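Residue numbers (numbering that gives the first Met the number 0), protein chains in the order written: chain A, 0 to 459; chain B, 0 to 549; chain C, 0 to 274.
Glycine is no exception: its CB is placed at the ideal position from the N, C-alpha and C atoms.
This structure is a prediction, so every number in the text was calculated from the model and none was measured.
Here's the structure we're looking at; comments come further down.
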Amino acid sequence: MLSYLLLALLVLTTVAYYAGLSRARAFATASGHAAQHSLSGYHGAFVAAWASLPSFLLVILWLLFQGSVVDQLLISSLPVERIKDLDSGQLNLLVSEIKSIAKGNVFGEPDAVVLAAAERYNSWNAIASWAMLASALGLAVVALVVARSYVAPRFRARNEVERIASVLMILCSLIAILTTVGIVGSLLYETLRFFSMVSPLEFFFGLNWEPQIAMRADQVTAGGAFGAIPVYVGTLLIALIAMLVATPIGLYSAIYLTEYASEGMRAVVKPLLEILAGIPTVVYGFFAVLTVAPAMRDLGAALGFSIAPNSALAAGGVMGIMLIPFISSLSDDALNAVPQSLRDGSLGLGATKGETIRNVLLPAALPGIMGGILLAVSRAIGETMIVVMAAGIIAALTLNPFEPVTTVTVQIVTLLIGDSEFDNPKTLAAFALGLVLFLATLALNVLALSIVRRYREQYD
Amino acid sequence: MTDTTLGSTGSGHDWSSPASRRRVKRRYAADRRLQFYGIAAIGTAMALLGVLFVSLIQAGYAAFTTTKVELSIFLDPAAISQEKPGEANYRRIVRDAFKAYFPDVTGRSDERSLYKIMSSGSDYIVRDYVVGNPGKIGENVKILVPVSDPFDQLYKRIIPRRIDALSSDRIALFDALKQQGVLSVEDGAGVAKVSVFIDPAKVPSEGGVAAADYDAMIKDGLRSYFRNEYSRSYEEIISATAAEKLQSVVAADPSVVGKIVEVKLPLAANYDNLLQTGQATIRNPRFGSDVEFAWFDSLEKRGLIATPFTWELFFNADSRFPELAGLAGALSGSLLALLICFVLSFPIGIATAVYLEEFAPKNRTTDLIEVNINNLAAVPSVVFGLLGLALFLNTFGMPRSAPLVGGMVLALMTLPTIIVATRAALKAVPPSIREAALGVGASRHQVALHHVLPLAMPGILTGTIIGLAQALGETAPLLLIGMNAFIPSVENIGLTEPAMALPTQIFSWADSPERGFVSRTSAAILVLLGFLVMMNLLAVYLRRKLERKW
Amino acid sequence: MQQLDAGSVQVLTSLKSSTAQTIGEPKIVARDVSVYYGEKQALFDVDVNVPRNSVMAFIGPSGCGKSTFLRCINRMNDTIPIARVEGKIAIDGQDIDDPELDVVELRARVGMVFQKPNPFPKSIYENVAYGPRIHGLARNKADLDRIVETSLQRAGLLKEVKDRLQEPGTGLSGGQQQRLCIARAIATSPDIILMDEPCSALDPIATARVEELIDELRQTLTIIIVTHSMQQAARVSQRTAFFHLGVLVEEDETSTIFTNPSDQRTQDYITGRFG
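Listed below in structure tokens is the structure:
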């Protein structure tokens, strides 16, 4: 249905273009080109734009809201005595049952009310689809005719088309803002719902995180199950391990590559480091499970202590590998931004290269390097797949790197994977964690970028 | 370090003094040390990269071949009807064909373990073959069907027939016991002759000898044989049935309570095996019995085993059985999602970049847009998943697990990459081009569309491909919108149908317990990396080919 | 180094053998110095003697090789990977390419001041203390304090910065920054200071201060200054060398160069026909 509608709109658009074009051509040949303001093609484009854009917009809005409108109709059409005792979860269940029956998946013996509702649901959807088709095509035809009537020799079709293009471009630019608004809005909304069920005090300062058990209402009120401190501690522990791996390797690589390495070596090593940056994180996660965790367990056994298979060390270590190219390229930029005159000044005093790097270049590049490290930390706490695959699920409050810990992202994924109902605190907790994660990474990024920017200005 | 008088002609510092020489030497050593750290850091990074690839290839290459057994089947027209070839009892047909190789295997339980050698998907493979070639009904055909996962792994020497059951310190304990003359073989079973004190304290007044804690008595008894070391592991040398044995001894003669008796206790299976055969290994528990090896070996000897290339990896849908699981569903899901991602992010990204770079006035709104774009680029991917879940699925009621929604989420993530790349490409077009076009009377839109965009297109395309490559590897947001559905067939492919993507397929295979999925996962990763390499090479090629030097 | 003619070898050996360094004997002797950047030759067979405790000015149009030659004297060209230096330079009879002589020592003894003031992003004190610290020239903190103070004093900067030694050197004015860089160079107690257009980024008042300073330093140091300004060369130097297209055209008493040059190219340059 939808594809036919889109196809029909496409055909109408083409028709509209030629309608505008032919009309313009007619008076272009009649009166000569000089009298015409815009090229004929612009007249065509003008008519085509009016024929397609409004009805396209209509279709999108229709599709976005048809589902919820029909749902509302469906619920209000159900007999009152059938739904008056249901809470929102049971109501949702009933609605999904009706929808599934409407699709043709009948399980067991549904009652007559449900069957009738399913039938109604199907017919309403069909009516809605036909209505959409009719109104979209109708709108397109009307717009075509009206727009075509505008076409005249002195009509400034080009300016009109360019204005439409500008509006479209501005709308596209606003998507970036809308995305941010969407993220903040949806996270905030679900988080507030979460805090209406679980006290924020508990969430931010509680020491006990057991959301899976807390599905039963009595335990939510009993308290203690949504204390996210262990999750934060686990996140920071893994991020710390990752930074301890990535910072020295990345920084020393950058120092060597910018100050010592030959052109040929740089040409080989830099792309290889970039490969590390291009590997998807799910691959790193599997690498951690396949190779690193067993290797660490064996190493631990050889040294006489036990390392858990999903230890913070394995997850953090592999995350560190992922961050090496990040640190090295940002440090590389920072070191390269230090003016040559400072190098000359130090070398001219008889300092060795090493002394120049340690005493002059690193202090001068420190803000840039710090900015890079902060960005890497933000990556580390937001990284998901490595920890989902290689870190633990149980939130243990420990700083022991050989023990499994869990992270914010692991909890978000485990709480939401599979079917999720939006009215229990377990699901909503994931959004609260998401909001914390979003704000933390945002703060780190803003801080890092401002440090880097101020540092750049210093040498520009 | 002689007197450092400043102001005198010439340096007062004696550079040739031994102290001074040593100092210079030390300084150069420090310089070399720093260089060494740099080389060590680069070496470590390269080594890690190497280990990553080597371990993936090592684990993954096996999945590119499948161990198959050749069945020769008579497609009996009596069993398979021409009209409805799909409805015959293929399970029976396949099993009969396989059974024909082993005429001397009888008995239901033996037959059942015999059929375990074949993959459980063999019926469908034969059915699909017949449905595809109905003309072959009535003929004898030879069809390759995969063997089941353990035998596939066995044939590729990934898993052994026998595994070490006992660690070296356990064997040492056992040897110590043996030297004390405690162990012997009686009636084909290993036993330990141990003195056990039938402790009256462990015989409860209620229940009597039937309810006594014989386990504890045996442990106490054993402990006396290992005075020098206290280890719990000696307890496992004795079979778990030893307590029953002791109980029967005491039940037969209750007068032994309070005395020391010498009993012969059965050994645990691993230690029994070690005592009788001298081998500390046991049969790999993935296999039911040793006769399965013999059957498989005979197939191999008859030349019925082959290892062709695993085309199924690309053309099969997902499966719970690793030898049948393929990437067709994941590849189509990823392709559709990437298509949506491209269709949305490419025009929107270009429009945004062109507006910001060529038209936008410098004001608060455009500043806000820029800040937003920069920050979106650094938002963790899982947060985009939350957005998709809350907004697209929950608010707008879009279908779960659908490539359409996945593509939309990926598009939002890819937008900043495309915008940044496009703006850089637009900036690289020299202003003189714009001035020249404006000078001949073109409008600003015409300048952008006719001159600037075409010149910037190589850079835009390169950035777009790199953005799409990132989107292809993205996993977490797709997990949250449910694009990890188990889809065992590739019949229903569509933008709104439940689907899988390549990275989520990798995630779900990595989570599967069967040994064969380790190879499958690694192979899927190699396929994913292959696609990424191709996309990046394409980007490099485009940049080289179309790059213009100003 | 291979194509030394017999005469210059004799000069070098005689310089090396003479232990007494009497006034009048040249401080720096350069013979047949050529510099290549990759394939391109930037300097052609330069021969020059620089007398001790005097100021010599290198003048000439941009790209004439005067800075390139200057950077040979403390081997700063070593830091450019594609640069290659041929010929011989000796300081007090000591060949600067002698493997026995360390480049670290050479640069400590031949200070350099650059075109743009380039103080390190550290405190004023640390800027001056940097050289003595890395070379180990001070026995203790008090010693280092004294070196810093003396160097700032000699650079004429002490009075201005006495109370804010711990403030960053980058916070000073351009002229002060350049004098800080001179103080930094003096702190390693060099015998020679090379100045590469030290006043080109400074205003006239700051330039005058630096020129005064050069004149004072001449009492104890040998100074080579590369300059664009012929007036400056005339004001501060005793001898002047004119470079053109990588060739040392003429070298003589400054007054002679400016009043009675022997080469037509020099004549053209100082009268403003080109450059």
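- [ ] Please report the residue range of the beta strand (DSSP E) in which G243 of chain C lies.
- [x] If you number the third sequence from 1, residue 243 of chain C lands on position 244. It should be pointed out that residue 243 of chain C corresponds to His in this sequence rather than to Gly. 238 to 243 is the extent of the beta strand (DSSP E) around H243 of chain C.
Open item on the list: Based on DSSP bridge pairs, tell me the residues matched to W208 of chain A.
Closed with: Against the first sequence, residue 208 of chain A aligns to sequence position 209. Answer is A:F225.
TODO: Quick one: using the 10 Å Cβ neighbour count with 16 as the cut-off for buried, is V219 of chain A buried or exposed?
DONE: Counting from 1 along the first sequence, the entry for residue 219 of chain A is found at position 220. Because the pLDDT of V219 of chain A is 47, which lies under 50, any placement of that residue in the model is unreliable, and the question is left without a value.
Open item on the list: Quick check for students: name the residue ranges of the alpha helix (DSSP H) that lie wholly in the region 319 to 357 of chain A, counting only runs of 4 or more.
Closed with: 339 to 347, 352 to 355
Task: Cα-Cα separation, A401 of chain B to N483 of chain B - done: Looking up residue 401 of chain B in the second sequence gives position 402. Looking up residue 483 of chain B in the second sequence gives position 484. Spanning the two alpha carbons is a distance of roughly 10 angstroms.
TODO: Measure from the alpha carbon of V166 of chain A to the alpha carbon of each residue in B:R31, B:A350, B:P17, then state which is nearest.
DONE: As a first step, residue 166 of chain A must be located in the first sequence, where it is residue number 167. Answer by Cα proximity: B:A350.
TODO: Determine, using beta carbons only, whether S188 of chain C comes closer than 8 angstroms to chain B.
DONE: Residue 188 of chain C sits at position 189 when you count from the first residue of the third sequence. For S188 of chain C, the answer is yes, since a Cβ of chain B falls inside 8 angstroms of its Cβ.
Open item on the list: Below 8 angstroms on the Cβ atoms is my contact criterion, and I expect A395 of chain A with L414 of chain A to pass it. Report the Cβ-Cβ distance as a whole number of Å.
Closed with: For the purposes of this step, residue 395 of chain A is taken as the residue at position 396 of the first sequence. For the purposes of this step, residue 414 of chain A is taken as the residue at position 415 of the first sequence. Not quite, the Cβ-Cβ distance comes to about 17 angstroms (not below 8 angstroms), so this is no contact.
Task: Distance between K192 of chain B and E291 of chain B (C-alpha atoms, nearest Å) - done: Numbered from its first residue, the second sequence carries residue 291 of chain B at position 292. Numbered from its first residue, the second sequence carries residue 192 of chain B at position 193. Going from the Cα of E291 of chain B to the Cα of K192 of chain B covers about 35 angstroms.
Task: Inter-residue spacing [alpha-carbon to alpha-carbon] between P463 of chain A and G103 of chain A - done: Residue 463 of chain A lies beyond the residue range present for chain A, which begins at 0 and ends at 459; the question has no answer from this structure.
TODO: In angstroms with no decimal places, state the Cα-to-Cα distance between E110 of chain B and A209 of chain B.
DONE: Numbered from its first residue, the second sequence carries residue 110 of chain B at position 111. Numbered from its first residue, the second sequence carries residue 209 of chain B at position 210. In a straight line, the C-alpha of E110 of chain B is about 42 angstroms away from that of A209 of chain B.
- [ ] Please determine if the region 281 to 290 of chain B and the region 59 to 68 of chain B are in contact, where contact requires at least 3 C-beta pairs separated by less than 8 angstroms.
- [x] no
Task: Residues of its chain near V160 of chain C, where Cβ-Cβ distance is below 6 angstroms and the 5 sequence neighbours each way are ignored - done: Locating residue 160 of chain C in the third sequence gives position 161, where the first residue counts as 1. Around V160 of chain C: I123.
TODO: Scan the region 348 to 377 of chain A for residues whose Cβ lies nearer than 7 angstroms to a Cβ of chain C and list them as they occur along the chain.
DONE: L348, G349, A350, T351, E354, N358, V359, P362, A363
Open item on the list: Could you compute how far the alpha carbon of R215 of chain A sits from the alpha carbon of S310 of chain A?
Closed with: Walking along the first sequence from the start, residue 215 of chain A turns up at place 216. Walking along the first sequence from the start, residue 310 of chain A turns up at place 311. Confidence at R215 of chain A is low in this model, with a pLDDT of 47, below 50, so the placement of that residue should be treated as unreliable; the coordinate-derived value is given next. If you take the alpha carbons of R215 of chain A and S310 of chain A, they lie about 30 angstroms apart.
- [ ] Would you check if the region 33 to 45 of chain B and the region 252 to 261 of chain A touch, i.e. whether three or more CB-CB distances between them fall below 8 angstroms?
- [x] yes
Task: Cut-off 6 angstroms between Cβ atoms - residues of its own chain near L329 of chain A, not counting five sequence neighbours on either side - done: Along the first sequence, read from residue 1 onward, the residue named residue 329 of chain A stands at position 330. Closer than 6 angstroms at Cβ, skipping near neighbours: G371.
TODO: Could you confirm whether any beta carbon from chain C is found closer than 8 angstroms to the beta carbon of H449 of chain B?
DONE: Residue 449 of chain B sits at position 450 when you count from the first residue of the second sequence. Output row for H449 of chain B: interface = no.
- [ ] Answer yes or no: does any C-beta atom of chain A fall closer than 8 angstroms to that of P197 of chain C?
- [x] As a working note, residue 197 of chain C is residue 198 in the third sequence. So no, P197 of chain C is outside the interface.
- [ ] Flag R422 of chain B as yes if its beta-carbon sits less than 8 angstroms from any beta-carbon of chain C, otherwise no.
- [x] Walking along the second sequence from the start, residue 422 of chain B turns up at place 423. Closer than 8 angstroms to the CB of R422 of chain B there is not a single CB belonging to chain C.
Open item on the list: With a threshold of 8 angstroms between beta-carbons, can G472 of chain B be considered close to chain A, or not?
Closed with: On the second sequence, residue 472 of chain B is found 473 positions in, with the first residue counted as 1. By this cut-off, G472 of chain B is an interface position.
Task: Whether D148 of chain B touches F295 of chain B by CB criterion (8 angstroms) - done: On the second sequence, residue 148 of chain B is found 149 positions in, with the first residue counted as 1. On the second sequence, residue 295 of chain B is found 296 positions in, with the first residue counted as 1. No, Cβ-Cβ distance for D148 of chain B and F295 of chain B is not below 8 angstroms.
TODO: Mark E108 of chain A as exposed unless 16 or more other C-beta atoms lie within 10 angstroms of its C-beta, in which case mark it buried.
DONE: By 1-based counting over the first sequence, the position of residue 108 of chain A is 109. Residue environment analysis places E108 of chain A among the exposed positions, since fewer than 16 neighbouring C-beta atoms fall within 10 angstroms of its C-beta.
Open item on the list: Run through chain C and tell me which residues come within less than 8 angstroms of V23 of chain B, C-beta to C-beta.
Closed with: Reading the second sequence from its first residue, position 24 is the one you call residue 23 of chain B. Ordered by position in chain C, the residues that pass the 8 angstroms Cβ test against V23 of chain B are D101, V103, E104.
Task: chain C contacts made by the region 335 to 346 of chain A, where a contact means CB separation under 8 angstroms - done: P338, S340, L341, R342, D343, G344, S345, L346
TODO: Could you say which of B:V190, B:I124, B:N269 lies nearest to S166 of chain B if we only look at CA atoms?
DONE: On the second sequence, residue 166 of chain B is found 167 positions in, with the first residue counted as 1. S166 of chain B has its Cα closest to that of B:N269, out of B:V190, B:I124, B:N269.
Task: Contact belief for G391 of chain A with V381 of chain B at Cβ below 8 angstroms, rounded distance in angstroms - done: The sequence position of residue 391 of chain A within the first sequence is 392, counting from 1. The sequence position of residue 381 of chain B within the second sequence is 382, counting from 1. Contact doesn't hold; Cβ gap of about 17 angstroms is too wide.
Open item on the list: List, in chain order, every chain A residue whose beta-carbon is nearer than 7 angstroms to that of D111 of chain C.
Closed with: Your numbering for residue 111 of chain C matches position 112 in the third sequence. According to the sequence shown, residue 111 of chain C is Met rather than Asp. Near M111 of chain C (Cβ distances below 7 angstroms), the residues of chain A are G347.
Task: Nearest candidate by alpha-carbon position, reference D30 of chain B, set C:S61, C:A137, C:D251, C:V103 - done: As a working note, residue 30 of chain B is residue 31 in the second sequence. For the residues C:S61, C:A137, C:D251, C:V103, the minimum Cα distance to D30 of chain B belongs to C:V103.
Task: Cβ shell of I306 of chain A (< 7 angstroms), same chain only, five flanking positions each side left out - done: Here the question's residue 306 of chain A lines up with position 307 in the first sequence. The residues are M295, R296, G299, L312, F401.
Open item on the list: Do F113 of chain C and G263 of chain A have their beta-carbon atoms positioned less than 8 angstroms apart in this structure?
Closed with: Within the first sequence, residue 263 of chain A is the residue found at index 264, counting from 1. Within the third sequence, residue 113 of chain C is the residue found at index 114, counting from 1. No, Cβ-Cβ distance for G263 of chain A and F113 of chain C is not below 8 angstroms.
Open item on the list: Determine, for V412 of chain A, whether the minimum Cβ-Cβ distance to residues of chain B falls below 8 angstroms.
Closed with: On the first sequence, residue 412 of chain A is found 413 positions in, with the first residue counted as 1. Answer yes: the Cβ-Cβ gap between V412 of chain A and chain B drops below 8 angstroms somewhere.
TODO: List the DSSP bridge partners of E85 of chain C.
DONE: Within the third sequence, residue 85 of chain C is the residue found at index 86, counting from 1. In the DSSP output, where bridge partners are listed per residue, E85 of chain C has C:S33.
- [ ] Just the C-alpha distance for D252 of chain B and T280 of chain B, rounded to the nearest angstrom, thanks.
- [x] Walking along the second sequence from the start, residue 252 of chain B turns up at place 253. Walking along the second sequence from the start, residue 280 of chain B turns up at place 281. Going from the Cα of D252 of chain B to the Cα of T280 of chain B covers about 38 angstroms.
Task: Outcome for A468 of chain B when other beta-carbon atoms lying within 10 angstroms are tallied against a minimum of 16 - done: Taking the second sequence and counting its residues from 1, one reaches residue 468 of chain B at position 469. By the neighbour-count rule (16 or more Cβ atoms within 10 Å), A468 of chain B is buried.
Open item on the list: Just to confirm my understanding: we take A389 of chain A, look at its own chain, exclude 5 residues before and 5 after, and list those with CB closer than 8 angstroms. What are they?
Closed with: Residue 389 of chain A sits at position 390 when you count from the first residue of the first sequence. Closer than 8 angstroms at the Cβ level, and outside the excluded window around A389 of chain A, lie G284, A287, V288, V291, A292, N309, A313, A314, V317.
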